[in-house]
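Engineer: Questions regarding the structure given below will be posed in turn.
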Amino acid sequence: MITQDGKVQKFNESESKWIQSFDLSSIKCLIVCRGPVRKEAMDVFDEIGIQEYGILLSEKDSIVYPMTLAPELRSFRFKENIHRVPDYMGAGQEEKIKRIGEIIQIAKSNYYTHIFAGYGFMAEDAEFIEAIEKAGITFMGPSSHVARQAGAKDQAKKIARQLKVSVTPGVDNISALALVRKAKNEEGLKKIAKDNGLDFKLNAKVSLEENAETLLELSYAATKELVTVVDLQEEALSESKKIWEKFSKNRIRYKYIGGGGGKGQRVVKGADEVKNAVMEILAESKVLSPGSNRNFLIELNIENTRHNEIQLIGNGDWVLALGGRDCSLQMHEQKLLELSNTQELLQDEIKNAASPAKKASLKGDLKVLTEMEEQSEVFGKAVGLNSVSTFESIVEGENHFFMEMNTRIQVEHRVTEMAYKLKFTNPENKKEFFYIESLIEAMALLSLHGKRLPKPERVLRNISGGEVRINATNQSLQPHAGGVIHNWSAPIDHEIRDDQGIGILDPDTGLFIHYRLAGAYDSNIALVVSYGESRRENLERLAHILKTTVLRGQDLQTNLPMHYGLINWILGKDVMFKPNTRFMLSYLAAVGALAEVIKDVDVDLIWEHLKKEAADNKEAAKVRARKYTLLTRPLKALLSQPHTLAGFLGRYHGKSWTFSGNDVVFQKNTLEILNDLYVYLNLEDTAEKDPCHKIWDHDLVILKEGLSFYEDLKTQTGLECSVVKEALISGKNPSPKEISEDVWKHCQAAHHGFQLANDILKIIPTIGKISGFLDLDIDEKLDAVIPEKFTNTESIHTLVKKLTPPPKAKSDEIVAPMGGMFYSREAPDRPPMIKAGDHFETGQALFIIEVMKMFNRISVPFSGTIVSCCMEDADGKIVTKAQPIFKIRPDEMIKEETEEEIQIRRKKVSLSLIHQEKI
Amino acid sequence: MPESLILTGYFSYHLAFLKYFDLAKPAFMENNKHSSLKNPFTHSEGSHTKPHGLYESALDMGNQLIERPLHGGGVDRIQVQHSKDRMTVWERIKVLTDKEPNIYYQNWGTNLDGASLVTGILKVGNRDVAIYGHDFTLRAGSMDATNGSKLARLILMAGEHGIPLIGMNDSAGAYVPAGVGGLDGYSEAFTALRKISGVVPSIMLMFGFNAGGGSYLPRQGSFMIQCENTFFGLTGPGVVKTVLGEDISADDLGGPKVHSQSGVVDLVTNDEYGSLKRALRLLSYLPDNNRTFAPFTPTSDPIDRFTYEEEILFRKTFNSPTGMNTPFDITLFLQQITDNGAYFELQPTRARNLITAFGRMGGHVVGFVANNSAVSSGQIDIGAARKGTRFVRFCNLYNIPMIFLEDTTGFLPGKEQEHGGIVEEGRRLLDSIIDLRTPRLTLIIRNAFGGAYATFNSYFTGADVVYTLPTARIAVMGPAGKDYVYKDEIQELNRAYKENIKNGMPEAEARKTRDAGLAALSQRYERELMNPKEALSLGSVSSVIRPGTSRKVLGNMITYLMSKYQPSPMTGVQREFE
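Each protein sequence line maps, in turn, to chains Y and X.
Under the numbering used here, the residue at position 862 of the first sequence is numbered 863, and the numbers go up by one with no gaps.
Under the numbering used here, the residue at position 314 of the second sequence is numbered 375, and the numbers go up by one with no gaps.
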């Protein structure tokens, strides 16, 4: 709780009786989730002064992987409250029920009053919550009745429709509608039933449509045709027209109910396509024969989906919306970067918008947000929301459609915490009030004092909040497990890091404890949150945090470079960018296109080549040689990581350089661009950095000297930048009064020296251009502009692969790595671990070699398919080292390329960059 | 040079020098495009017209001398060093400590430049550490008689003062123009390092490209850390090509992937920075010398905590389908018993059938030697024996108590091993354990068979206490032992089998009967002999401990034994073999 004067205080420490009455010290809470939210909950609980808390500890967090002991334990205060469980949740339904029982047993026998499930899988499981409630324990989160009503998608949508909450327009009972049209009324239905000899009884309690549904069911059983294909075509046309009235630009999706895998689906653009589309999906689904169930869905096709959500809080009587979050930057259903979206932010941005198009676009956003907030409150109230939840919508242009409500706290809840805090005021005395900044604290408060809590006001904390999810993923954002963190720099100013406790130092030695990212649960390592007085400041801070974060270790791969690149790209375009949910894939493909080029770029070769072209004279050659590391070091660093390069291109394209045809035209002094590059790469000179992590001292001397030269030249002459530049080119002293001819001569020499060889920087934009990366852009309406190359599924696949070439096999067989006894199965009563025709993944165990009664599981570091097994029925046979076990077909074979071939290719690509030839 | 520079402290000095010398005025020539890297507005011409007395001249000379070693081979050479992504020796020192180094023999050498070697004492945290580092920018960091002597002095001083040594090796080898002098230099350094071996621990970092003596010398140290993109070896690939006609890259000849597998280096890192930081982490487990304990850090992790995870680990492993024969990673156990679960593995990418690691128990640094059934069944082969021997000898010399975690089916037999000399390597491990004088415990986790049992810190090799878990299987032989123990029973089964066939029983049925009998014998063997009972009855094992209490039992015993142990240098008879 935050007091009126901004101090952190426990409720029972307050001087106000009213505030004291919200004391939380009676809570003893069992935390049943893991991940960053577990440590966050522990910290919040410590701060708000609950009695005590306990956690579950799974085998994967303790004994399955080395160096993966749950880091929270290093500072855990209640050692008796660590409850060992095989896992946090169950794999199947049966195991889940067992686990629920286990958790409740633990809670009961240890006298826990509350259970907190964070954003764990079970947090919105009505069955789980109900069991807890029945056991007399309070669930710190929405009650089971909320979870039940709001959690099921169809149920939630039904409620939403009744409440006039905007949902995706469409119908799911086209057959029934067609039948109703035919029958006109109840009598008509009866007659149709009679005509077809169907034993149908009208149910007066339900609607005509539902009766039609019942009659249809009977007809399917009796294979009688009540509705013809023509009827359906007509009905589809009429329903589609209704949708087009409102959404004239959208296409409409027809989807056969039993369809799947793209079969029985059509997306139609206009009325003339309807008839054929209906025919085709029914034919494809093989339901043209009379009496078949031909029902299909008609729904608005959302072309440009953005994922927006509203944070809700309520106590069952009141509900309050806490602004939105834009979570469109996601990949494989995993959100990556989440930004707050508030009315205050949008109003500010509308005020400052440079172009009318942008202003209009933002106004649309404001309208959508306002509507969503209103509707979410209506919905939350209707389902009796008595904790926190998230109202999830998809947004397209100025339309928004409710999808579902997540009845739990979400990973990205801190984004909202950055934007708003809650102000609770005593209704009887307006002078008594307190603030809550943590949503978890709010959950605790609601779980204990819910009904007594007055409706709070939301008070703006920051205009913008944002969260970056740090995941253990490779360059193409696929999970990469097994790395060990050796060191992670401490959080800096404006950085909030939820890292599960990985950063807690060894309490005895003060050293960082090595931690393995086993990837047992998910690839998320930490959440990095920041805030700002504007979204720009927010993103700048996030970029700075990512830039200065030192995360070192063995075999470590994270999405940190991706985030750094992406945020810089956005900063370079427009911070109010409105990506859709498919943007990340296109972006990744574009970065893949960069990777494809830079793998063959040899900076040294280019440097040498340029030397030949500019063999001025001895003096120049000396100066040039002196600038070798100054120029090539940051270039090499930039070109070693496509994501980093992507961010630099996004940030500075159009600002530091433009193109005239294929030629790069610098818009800035190249020395300043070089300085920008050093800063961007975190190689700028600061006192606390070690020498290898910043510009080499001899290079710093030149850079500083050069920058001060141009600065001095400007101040000495008092002339405009462009005039000075002109003079330096022409060689004519621009102001003989201030600068003597002798000094001017030196100035020209200095200019020549400082600019010499800087042209090599041109390869940066050139790579951006030839790869097509620079065509990825944002338009005035803040939507992404994506070239076809990066939207086409096939080329995306090829390009993304460039970021992480899969491990390759050298041969077409797998051999025994050691001598011993071969087994194809783990135990005699088990099936073989793999058989001919099966596909195997990298690292999957394929067979067992027993050596001295120890059973070693053997795997290989690549993926492929088993062609045949050389050890058929050979369990228990002795094999020798290197004896073939399987014939295989690897997914990726090594293409042998000679060193010469590689060199020729690299030379060709590298030189093409300076000659602007097409590769 | 302006006076103020002398006062600006050691590090800014370095930079100031570069600025002064490097941006020299361009030589203007007619009809030529001139080029300079100098801001004409800040470098005014010839303003040094202050009165210059004798004192100032002396001062100037002094300044030049003071700064000379800091320039190394000049900015061109430094640039070359940097272009290979390598730091200069001075920069490496800065990574180790932010405190000013205490440099000895600053101007040593005919050129008064330090003779391509920097020697000094650093304050790292609150410990004094002797360091040396080759300055590759001067004569490629090569050795001659002069700097060999300089190095020897530093090494001997470290030994005399009892402070650890960190070596930053970046040397092309002997300085060829120095002739035999270069070799003498190395000899002197070799000798000094051997003399302090066992007196103070040393950590050798391999940077750049080291050949010849530049490889031997560091390996004389206690631990070697090599980073990626470096090479060391007897000679480089060039010589190998000329002499032997072998075409091989430097990385394939002497890169980290080679040395980490042969066991020549103990740790591999990504880059120079990683090596320097790793050295400091390793140092936190090492004592200053052979007369003191390794740094003791009182622990907040209760020594008597019951470790549920230990129980769960065993239950899960031994109740799995493959039962008592299921391999498991011993470090999973190790992390349960050490203070805060922290441990530091040496040679972590090779011979992992035997784990050697430092960790703390109740605040005391302990050396762990553990059989790891997850790799090659935990059998001790040549690689494992070598790894273990080195580690045991180190702990012995430096008064570090040891805990042996035993789970091995024995030494690995076979042609490859015999031809490679397993008898000698196994013997070394055995002898190193016999010689061990520091407090030492054994915990038998599962398998302890035959010679491996006898060797692996058994009571009779001098263990202070041997504990066993209930899952232990202490026997002369593993499951194969049934052939000897039940020789008569097996003969009888075979006889019955033949008899049955003779009597007209179908072959398959006869075989089935015989195999059932054999399986029953196997089970009987496991039941009756594969357990700790016999060893307990003979006093070969002190006591059985409950899973979950390993930390408490081992930790308390280490604390007790350490309270009775005085750290002191090894004395006594030198044995015939190492």
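Cβ atoms here follow ideal geometry from the backbone N, Cα and C, with glycine treated the same way.
Arg-200 of chain X and Ser-177 of chain X - do their beta-carbons sit closer together than 7 Å?
Structural biologist: Against a cut-off of 7 Å, the Cβ pair of Arg-200 of chain X and Ser-177 of chain X comes out as a contact.
Engineer: Pull up the distance between the alpha-carbon of Phe-1 of chain Y and that of Arg-453 of chain Y, whole angstroms please.
Structural biologist: It is not possible to answer for residue 1 of chain Y, since the shown part of chain Y is limited to 2 through 920.
Engineer: Please tell me whether Leu-530 of chain X has its Cβ less than 7 Å away from any Cβ of chain Y.
Structural biologist: No, Leu-530 of chain X lies away from the interface with chain Y (no Cβ there is under 7 Å from its Cβ).
Engineer: Please report the distance separating the alpha-carbon of Glu-371 of chain X from that of Ser-336 of chain X.
Structural biologist: Distance between the alpha carbons of Glu-371 of chain X and Ser-336 of chain X is about 33 Å.
Engineer: Report the residue from Y:Arg-652, Y:Ala-473 and Y:Ile-835 whose alpha carbon sits nearest the alpha carbon of Tyr-681 of chain Y.
Structural biologist: It is Y:Arg-652 whose Cα lies nearest to the Cα of Tyr-681 of chain Y.
Engineer: Just tell me which of Y:Ser-286, Y:Leu-449, Y:Leu-678 and Y:Glu-96 has its CA closest to the CA of Lys-548 of chain Y.
Structural biologist: Answer by Cα proximity: Y:Leu-678.
Engineer: Evaluate the contact criterion for the stretch 373-386 of chain Y versus the stretch 89-107 of chain Y: three or more CB pairs, one atom per stretch, below 8 Å.
Structural biologist: Contact between the stretch 373-386 of chain Y and the stretch 89-107 of chain Y is absent, because fewer than three Cβ pairs lie under 8 Å.
Engineer: Have a look at Leu-157 of chain X and Ile-464 of chain X and give me their C-alpha separation to the nearest angstrom.
Structural biologist: Roughly 31 Å between the two C-alpha positions.
Engineer: Whose Cβ in chain Y lies nearer than 8 Å to the Cβ of Gly-134 of chain X?
Structural biologist: Neighbours of Gly-134 of chain X on chain Y: none; closest Cβ ~13 Å, over 8 Å.
Engineer: Can you tell me whether DSSP reads Ile-67 of chain X as helix, strand or coil?
Structural biologist: Residue confidence for Ile-67 of chain X is low, a pLDDT of 34 falling below 50, so the modelled location carries little weight and cannot support an answer.
Engineer: Along chain Y, which residues have their Cβ under 7 Å away from the Cβ of Ile-535 of chain X?
Structural biologist: Within 7 Å Cβ-Cβ: nothing; Ile-535 of chain X doesn't reach chain Y, min ~15 Å.
Engineer: Just reading off the alpha helix (DSSP H) that Cys-871 of chain Y is part of, what are its end residues?
Structural biologist: Counting along the chain, Cys-871 of chain Y falls outside any alpha helix (DSSP H), and DSSP gives it neither H nor E.
Engineer: Distance, Cα to Cα, Ile-879 of chain Y vs Leu-314 of chain X?
Structural biologist: Whole-angstrom Cα-Cα distance: 35 Å.
Engineer: Let me know the secondary structure DSSP gives Asp-839 of chain Y once reduced to three states.
Structural biologist: Coil.
Engineer: Taking the alpha carbon of Ser-232 of chain X as the reference point, which residue from X:Pro-540, X:Pro-298 and X:Gly-294 has its own alpha carbon closest?
Structural biologist: Taking only the C-alpha atoms, the option nearest Ser-232 of chain X is X:Gly-294.
Engineer: Hey, how far is the Cα of Thr-474 of chain Y from the Cα of Ser-524 of chain Y?
Structural biologist: So the two alpha carbons sit approximately 7 Å from each other.
Engineer: Would you list the one or two residues that DSSP bridges to His-84 of chain Y?
Structural biologist: Its beta-bridge partners are Y:Leu-57.
Engineer: Can you check DSSP and say which residues form a bridge with Met-204 of chain X?
Structural biologist: Partner(s): X:Ala-235.
Engineer: Please list, in chain order, the chain X residues whose beta carbon lies closer than 7 Å to that of Pro-67 of chain Y.
Structural biologist: Correct list: Asp-390, Thr-392, Leu-393 and Gln-396.
Engineer: Helix, strand or coil, according to DSSP, for Asn-670 of chain Y in the structure here?
Structural biologist: If DSSP states are grouped into helix, strand and coil, Asn-670 of chain Y belongs with coil.
Engineer: Report yes or no: do the stretch 114-131 of chain X and the stretch 680-696 of chain Y share at least 3 C-beta pairs separated by less than 8 Å?
Structural biologist: No, they do not touch.
Engineer: Does any CB atom of chain Y fall closer than 7 Å to the CB of Glu-406 of chain X?
Structural biologist: False, the Cβ-Cβ gap to chain Y never drops below 7 Å.
Engineer: Within the same chain, show all residues whose beta-carbon is closer than 6 Å to that of Gly-539 of chain X, passing over the 5 residues directly before and after it, in chain order.
Structural biologist: Thr-470 and Phe-510.
Engineer: Is it buried or exposed for Gln-266 of chain Y, if we count other Cβ within 10 angstroms and need 16 for buried?
Structural biologist: Per the 10 Å Cβ criterion, buried.
Engineer: With 16 as the cutoff for other CB atoms within 10 Å, does Phe-89 of chain X come out buried or exposed?
Structural biologist: Its pLDDT being 45, under 50, Phe-89 of chain X is placed unreliably in this model, and the value from its coordinates should be taken loosely. Result: exposed.
Engineer: Please name the residue or residues paired with Cys-288 of chain X in a DSSP beta bridge.
Structural biologist: According to DSSP, Cys-288 of chain X bridges with X:Thr-330.
Engineer: Using only the alpha-carbon positions, how far apart do Thr-392 of chain X and Ala-418 of chain X sit?
Structural biologist: Cα-Cα distance, rounded: 9 Å.
Engineer: In the DSSP assignment, find the unbroken alpha helix (DSSP H) run with Lys-432 of chain Y in it and report its ends.
Structural biologist: Counting along the chain, Lys-432 of chain Y falls outside any alpha helix (DSSP H), though it belongs to the beta strand (DSSP E) covering 430-437.
Engineer: What three-state label does DSSP hand Arg-488 of chain X in the structure shown?
Structural biologist: Correct three-state label for Arg-488 of chain X: helix.
Engineer: Quick check: what's the CA-CA separation for Phe-660 of chain Y versus Val-592 of chain Y?
Structural biologist: One C-alpha to the other measures close to 20 Å.
Engineer: Using a Cβ-Cβ cut-off of 8 Å (strictly less than) and excluding sequence neighbours within five positions of Leu-395 of chain X, which residues of its own chain qualify?
Structural biologist: Correct list, in chain order: Tyr-404, Ile-416, Ala-418, Gly-420, Phe-429, Ala-431 and Leu-466.
Engineer: Can you confirm whether the stretch 475-486 of chain X touches the stretch 617-631 of chain X when touching is taken to mean that 3 or more C-beta pairs between the two stretches lie within less than 8 Å?
Structural biologist: Verdict: no, contact absent.
Engineer: By how many angstroms is the C-alpha of Pro-317 of chain X removed from the C-alpha of Ala-596 of chain Y?
Structural biologist: Distance between the alpha carbons of Ala-596 of chain Y and Pro-317 of chain X is about 27 Å.
Engineer: Determine the DSSP secondary structure at Arg-826 of chain Y, reduced to helix, strand or coil.
Structural biologist: Arg-826 of chain Y: coil per DSSP, three-state reduction.
Engineer: How is Met-419 of chain Y classed by DSSP in three states: helix, strand or coil?
Structural biologist: Correct three-state label for Met-419 of chain Y: helix.
Engineer: What do you reckon, are the CB atoms on Leu-530 of chain X and Pro-608 of chain X nearer than 7 Å?
Structural biologist: Yes, these two residues count as a Cβ contact at 7 Å.
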